[in-house]
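Q: Chains as they are written, first to last, in the working numbering: chain A, 3 to 553; chain B, 497 to 916; chain C, 530 to 678.
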Amino acid sequence: MAGEASQGTFDVVVLGGGVNGAGVARDCAMRGLSVLLLEKQDLASGASGASSGMIHGGIRYMTSDRRVTELASRDAGYIRRIAPHLTFRIPFLIPFATHGEEATLLDRLTWYATEVYVGTYDLFQPLKGGKPSARLTAEELYAVEPSLRPGLHGAVTLDEWGIDGQRLCLLNALSAAAHGAQVRTWTEATGLVREAGRVAGVRWRDALTGEHGEARASVVVNATGGWSPRWGKSNGVLVPMRPGKGVHLSLDRRHGNYGIICTAVDGRQMFLMPHEMESIIGTTDDDYYDDPDDLDATAEEVEYLVEGVASLVPSVRQSRITRAWWGVRTTIYEYGVEEDDLSRDHRILDHAAEGSAGLLSIVGGKLASYRAQSEEVTDRALALLGRAALPCRTHEEPLPGGDDVPVASELAEQHGVPEAIAARLVYRHGSLAREVLRVADDDPRMKLVVCRDEGIIAAEVAWIARHENVRRLQDLRRRCRLAVGGCGGLDCARPAAQVVARELGWSADQLRAELSDLLEVGWRERRPVLDGWQLAEEELLRAVHRGLGGL
Amino acid sequence: MAGATAALAAREAGGRVVLARKAPGSSGLSGGAISVAEDPASMPDTPFAARSGVVESARRIAVTRPGHPYRVLHGRLDRLWTALEFATGQLSSVLAPPSGRNRWLLTPFGHAHAAAACARSMAAGDLAEVRGPLVVCGFEGHLGWDPWLVASGAERVRSLGAPETLAVRLDLFRWEDAALARPFDLARMLEAPGVAEEAGRLLRKALPRGAAAAVFPPVLGLDPGARVPERIAAEAGIPVAEMLSDLPSVPGLRLHRAIEARLAAAGVEVLQGEVRDASGPDVPAAVGGREVVARSWVLASGRFVGGGIERHGALMEGVMGLPVLASEGPFADPSVRFAGRSSASITLRDSRSPQPLLAAGLRVDEELHPLDAEGRTLHERVFAAGAVVGGHDPASDGTGMGVAIFTGWLAGRAAAGRAP
Amino acid sequence: MSKVRSYAWLAWRAVVSHPLRGLRQRGTGRERFLENYASEGLAPTTAGERAAAEAASACISCGLCESGCALRGAIPSIRDMGLHAAFRLYSKSAEMLARSGDALAACASCTGCEPLCPTGVPVAHLVRAFAARSGDFDATRRDPAGPRR
Chain A
3 MAGEASQGTF
13 DVVVLGGGVN
23 GAGVARDCAM
33 RGLSVLLLEK
43 QDLASGASGA
53 SSGMIHGGIR
63 YMTSDRRVTE
73 LASRDAGYIR
83 RIAPHLTFRI
93 PFLIPFATHG
103 EEATLLDRLT
113 WYATEVYVGT
123 YDLFQPLKGG
133 KPSARLTAEE
143 LYAVEPSLRP
153 GLHGAVTLDE
163 WGIDGQRLCL
173 LNALSAAAHG
183 AQVRTWTEAT
193 GLVREAGRVA
203 GVRWRDALTG
213 EHGEARASVV
223 VNATGGWSPR
233 WGKSNGVLVP
243 MRPGKGVHLS
253 LDRRHGNYGI
263 ICTAVDGRQM
273 FLMPHEMESI
283 IGTTDDDYYD
293 DPDDLDATAE
303 EVEYLVEGVA
313 SLVPSVRQSR
323 ITRAWWGVRT
333 TIYEYGVEED
343 DLSRDHRILD
353 HAAEGSAGLL
363 SIVGGKLASY
373 RAQSEEVTDR
383 ALALLGRAAL
393 PCRTHEEPLP
403 GGDDVPVASE
413 LAEQHGVPEA
423 IAARLVYRHG
433 SLAREVLRVA
443 DDDPRMKLVV
453 CRDEGIIAAE
463 VAWIARHENV
473 RRLQDLRRRC
483 RLAVGGCGGL
493 DCARPAAQVV
503 ARELGWSADQ
513 LRAELSDLLE
523 VGWRERRPVL
533 DGWQLAEEEL
543 LRAVHRGLGG
553 L
Chain B
497 MAGATAALAA
507 REAGGRVVLA
517 RKAPGSSGLS
527 GGAISVAEDP
537 ASMPDTPFAA
547 RSGVVESARR
557 IAVTRPGHPY
567 RVLHGRLDRL
577 WTALEFATGQ
587 LSSVLAPPSG
597 RNRWLLTPFG
607 HAHAAAACAR
617 SMAAGDLAEV
627 RGPLVVCGFE
637 GHLGWDPWLV
647 ASGAERVRSL
657 GAPETLAVRL
667 DLFRWEDAAL
677 ARPFDLARML
687 EAPGVAEEAG
697 RLLRKALPRG
707 AAAAVFPPVL
717 GLDPGARVPE
727 RIAAEAGIPV
737 AEMLSDLPSV
747 PGLRLHRAIE
757 ARLAAAGVEV
767 LQGEVRDASG
777 PDVPAAVGGR
787 EVVARSWVLA
797 SGRFVGGGIE
807 RHGALMEGVM
817 GLPVLASEGP
827 FADPSVRFAG
837 RSSASITLRD
847 SRSPQPLLAA
857 GLRVDEELHP
867 LDAEGRTLHE
877 RVFAAGAVVG
887 GHDPASDGTG
897 MGVAIFTGWL
907 AGRAAAGRAP
Chain C
530 MSKVRSYAWL
540 AWRAVVSHPL
550 RGLRQRGTGR
560 ERFLENYASE
570 GLAPTTAGER
580 AAAEAASACI
590 SCGLCESGCA
600 LRGAIPSIRD
610 MGLHAAFRLY
620 SKSAEMLARS
630 GDALAACASC
640 TGCEPLCPTG
650 VPVAHLVRAF
660 AARSGDFDAT
670 RRDPAGPRR
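1) Is the CB of C:P573 under 7 angstroms away from at least one CB in chain A?
2) Roughly how many angstroms separate the alpha carbons of A:R256 and B:R555, rounded to a whole number?
3) Starting from B:V746, trace the alpha helix (DSSP H) in both directions and tell me its first and last residue.
4) Near A:P134, which residues of its chain fall below 7 angstroms by C-beta distance, leaving aside the five closest residues on each side in sequence?
5) The alpha helix (DSSP H) spanning C:M625 covers which residue range?
6) At what residues does the alpha helix (DSSP H) containing A:L361 begin and finish?
7) CB C:L633 to CB C:S586, shorter than 7 angstroms?
8) Residues in the same chain with beta-carbon distance under 6 angstroms from B:A762, minus the five sequence neighbours each way, listed in chain order, please.
9) Measuring CB to CB, does A:W229 end up less than 7 angstroms from A:R473?
10) Starting from the N-terminal side, write out each stretch of the beta strand (DSSP E) that is 3 residues or longer and does not extend beyond the stretch 286-349 of chain A.
11) Who does A:K247 pair with in a DSSP beta bridge?
12) Could you list which residues in chain A have their beta carbon closer than 7 angstroms to that of B:D642, in chain order?
13) Excluding the five sequence neighbours on either side, which residues of its own chain have a C-beta within less than 6 angstroms of the C-beta of A:L351, listed in chain order?
14) Under the three-state reduction of DSSP, which class applies to A:D13: helix, strand or coil?
15) So with CB distances below 8 angstroms, who are the chain C contacts of A:P93?
16) B:K701 versus chain C: which residues are under 9 angstroms apart at the beta carbon?
17) Cβ of A:L484 within 7 angstroms of Cβ of A:L478?
18) Give every residue of the same chain whose Cβ lies closer than 6 angstroms to the Cβ of A:M56, excluding the five residues on either side of it in the sequence, and list them in chain order.
19) By Cβ distance below 6 angstroms, which residues in the same chain neighbour B:R697 in space, the five residues on each side in sequence not counted?
20) How would you list, in chain order, the residues of chain B whose beta-carbon sits under 8 angstroms from the beta-carbon of A:D533?
21) Which residue wins for smallest C-alpha separation from A:V118, given the options C:H654, C:D609, C:S546, C:L612?
22) Could you work out which residue in A:S317, A:A370, A:V158 is closest to A:A140 when comparing CA atoms only?
23) Per DSSP, what kind of secondary structure is C:Q554 in: helix, strand or coil?
24) Relative to the C-alpha of B:A869, which residue among B:L854, B:G886, B:G634 is closest?
25) To the nearest angstrom, how far is it from the Cα of A:G404 to the Cα of A:L172?
26) Would you give the residue range spanned by the alpha helix (DSSP H) that B:M897 belongs to?
27) Would you say A:L556 reaches chain B, if we count a Cβ-Cβ gap shorter than 7 angstroms as a contact?
28) Among A:Q43, A:E309, A:A74, A:A467, which residue has its Cα nearest to the Cα of A:K368?
29) Nearest to B:D742 by alpha carbon, out of B:D719, B:H607, B:R833, B:W905?
30) Determine, for A:D455, whether the minimum Cβ-Cβ distance to residues of chain C falls below 7 angstroms.
31) For a cutoff of 7 angstroms on Cβ pairs, would you count A:V14 as touching chain B?
32) Quick check: the Cα distance between B:T560 and B:E552, rounded to an integer number of angstroms?
33) Short of 6 angstroms in beta carbon distance, which residues of its chain neighbour A:V311, apart from the five on each side in sequence? Order them along the chain.
34) Tell me, please, which residues DSSP counts as bridged to A:I423.
35) Counting beta carbon pairs with one atom in the stretch 437-455 of chain A and one in the stretch 143-152 of chain A, are three or more of them shorter than 8 angstroms?
36) Of the residues that make up the stretch 134-156 of chain A, which ones have a beta carbon closer than 9 angstroms to any beta carbon in chain C?
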């Protein structure tokens, strides 16, 4: 996918391999444009890889314009349609709490209003295959979620979809490539090429090989997300943005099957929610002025999140937190407003007035609306190119693996793998799980189980290395969550590295360097939450990787 | 290891010993190396450059790392060798005697690790002693170990005296039997009659001229009595060794079993359970349904895995509630409430740096009595040994087992009343 | 202007539509909620299950328990995944538990595993507890993954 003739002429060059960049590349390629996608690290290394991972229907817009909610819900339905294997249901509980012992009239009115609001959202649920809400009495609430602290007065439930945002990004990039786009990861655009007040292309540099080149295009789309303001500054354009840092915590397993909406110490809404094989606590929102490549979670942020959830679910303090992770939101710029109150809308900026005709930037937006946002950008790109407006089909054509999703139990039996493994394969790869298992059919050694947290076998590692744009070992954290769970790579990192090294032709030194890099990335995430059994795990990890491995 | 060494040393000194534990210690997780001290002057990539003796290296560490237990015990380091000989002698069924200079043993990660002593089955793989080509073996039917990667650990230091290597894959097992097997299963499969001999025959066929030794994945039998490495070596005609092991560890399990057997043979009474009401010596303590009164206590409860040091929002010592302190650096100041600090504040971003959180433990004096923050001894007849003692990172600083054995031996003898 | 319209619409919902809908609904809120999610295995988590999860979280993936398992070599799915998968993948979600029933049910309760765990995971007890729950939910009702209804 990378390499050949990225030095060339394209219709569109997309900068940034997040969900917007990948989505735009896909839509442009599907509508017949020649596209080059450049991502300076790995796909979904920014906000797209650190989001709460939800495809929701824009419930908050019912107060301003319910057509936005309708569109958002419809688009959530489209994403379900094109990637059905990747979405999973998350039922949420919105508990009714009071400050004092008794509920005041204002409390009851607020609860009724919430109940009505969520009940009104039910009108849009069919657009995305969602379930209707329900009102729970206090007794019913505790029957449904016994771990809640006493003193709650009931709840209303809400249905939303969860998704693996990193795989969503990847699938869009793969689809773009299947339609003729070129995708280069670990390749940075080092500067815009300008001619006569117009943008004429970009210069790029491969961070891993040092190779550099120039790609000419009349349209350049800046989808660099949280890096946009800095990127803009070095390229002579203004991309106003209020980057917002958001931190999440992961638990080692599902705490429960229902998401719980909590209120943090400062009144902000936050959540504890099940997500794939773990539960997530999120999130913070703070203006971030520093380098998006240089983030860490602070002790304050970690305690803020735990405290917020513990106020409703005290038992969370006994849970095993495995890591903290973070990203920078690409929020639209507005002065004098609190982070939480900023619009989550998106905006497409045309930099023609700044002497950069042909350059578009996308700022703001949400993961859930990526497809509609990408459609808009593609429409604008077509207009700039003066091409006929072909119809967008990104809502119709399934993403790779999204068609004819197999039955996990059948796959397990056909190929002789544990059913749990087959289920994880189907989740990650959909119909392509059959292809992955064919690798194992050809070589039974490839059924070796590599990861017992995510259910990864050697065949999947090999397949991902061959087909999913892998250039570094840490890319596998985003492709299949290798070494991301509580084990931190204790039993999976070395076997996976051995498989990838064979596929990509790495030397022993390169293998070790990549292992070291993988472990370093993991350490950064585990470090702020080392406690309890996770700290014991860290002791083992260090013994094996530092002591024995010399990494 | 620290607890076992202390118990056995106390027995030898004539004491009546009860060993109380809530779970097996971390010996079962060890990879087969008894690392005591790397020569601080030798860089990771130049293991053969410096050839200081092990005790001398420990003395150097005592100088360069002020918080390390070797520093606290620097006046007694002349007994380090005796302690090593004692422990390896007690466990001679699985451990080879200590070598005056570090052995350099290959690991599955393509690295050469320094160890003063090691499992018997590994001694022949010492890179510094192999005179001639070294054959690094894997199994054709199992992807768990990559001999090419393992061999690179020696290749990297060829120019410094390491032997040349040849990586081979022996087609020993039927793939359908072995491909997905876990290390313990492979080890048992190799014990079966004829299998080790077949391995030896396949190895002999693959040997280059003048081959001096062969290194295998660390699965050469679970029971030392099955003599798997010896049988392979006999058939192949050259010495055969295991490489060090990551997890799950067959050599670790062998060591664990050997420790259990030796404790029983020495007459140490082992009680299973958590120690409750642990105020100290001479006061009854409840463990495993029994009440025990002991004149001296040795705390060898381990670090985080062992549960000797726990962190639930703050660091604490699990049995007696003794203060957990930092032994060196800015956090060692008594005014700093180290135990309560956030994990982010007592770790460093670069994982390769020494990490105060991961070196946290009890502070001890030269007699191995735990100290409080002001440096006062807490009890004349309470001793601490092994990873529960702070100031070192047993996981990664190459001194873990050495500290465990040395402090265990000293503490066990002192607890039994043997003069220092 | 559209904000005013939205609030007006919501007010209508609050006063008229929502109460009417409430009259038409059958069953209690809890019944409807649980029924929504029964086919996905998204059931409430009992205190006992939470206690089991907390005990399972002590697993640090060392694999020592496997050496004590009498059935290890015999059952392919146990052999492949390893015993301690019970405290990791198998017990992370109801779906995984349902799909691991065979491996968990094969446990012969020999308890050779429990004394070996360095962090005190009650291995045999948990395997039995998980095995008992794995039949709670039929995972095949989740297949094929795709838009439901």
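Just so you know, even glycine gets a beta-carbon here, dropped at the ideal spot from N, CA and C.
These numbers were taken from a predicted model, which means no experiment stands behind them.
A: Straight from the coordinates:
1) yes
2) 49 angstroms
3) 746-762
4) D124, Q127
5) 623-628
6) Taken as a continuous stretch (DSSP letters only), A:L361 belongs to no alpha helix (DSSP H), being part of the beta strand (DSSP E) at 361-366.
7) no
8) L504, R507
9) no
10) 323-334
11) A:D288, A:V330
12) Q500
13) S363
14) strand
15) F562, N565, Y566, L571
16) Chain C residues near B:K701: none, gap ~29 angstroms exceeds 9 angstroms.
17) yes
18) E162, G164
19) E731
20) R807, H808, G809, S839
21) C:S546
22) A:V158
23) coil
24) B:G886
25) 13 angstroms
26) 896-911
27) Since the first residue of chain A shown is 3 and the last is 553, residue 556 of chain A is not available in this structure.
28) A:A74
29) B:H607
30) yes
31) no
32) 13 angstroms
33) C264, L274, I283, V318
34) Looking at the DSSP assignment, A:I423 forms no beta bridge with any residue, so it has no partner.
35) no
36) P134, S135, A136, R137, L138, T139, E141, E142, L143, A145, V146, E147, P148, S149, G156
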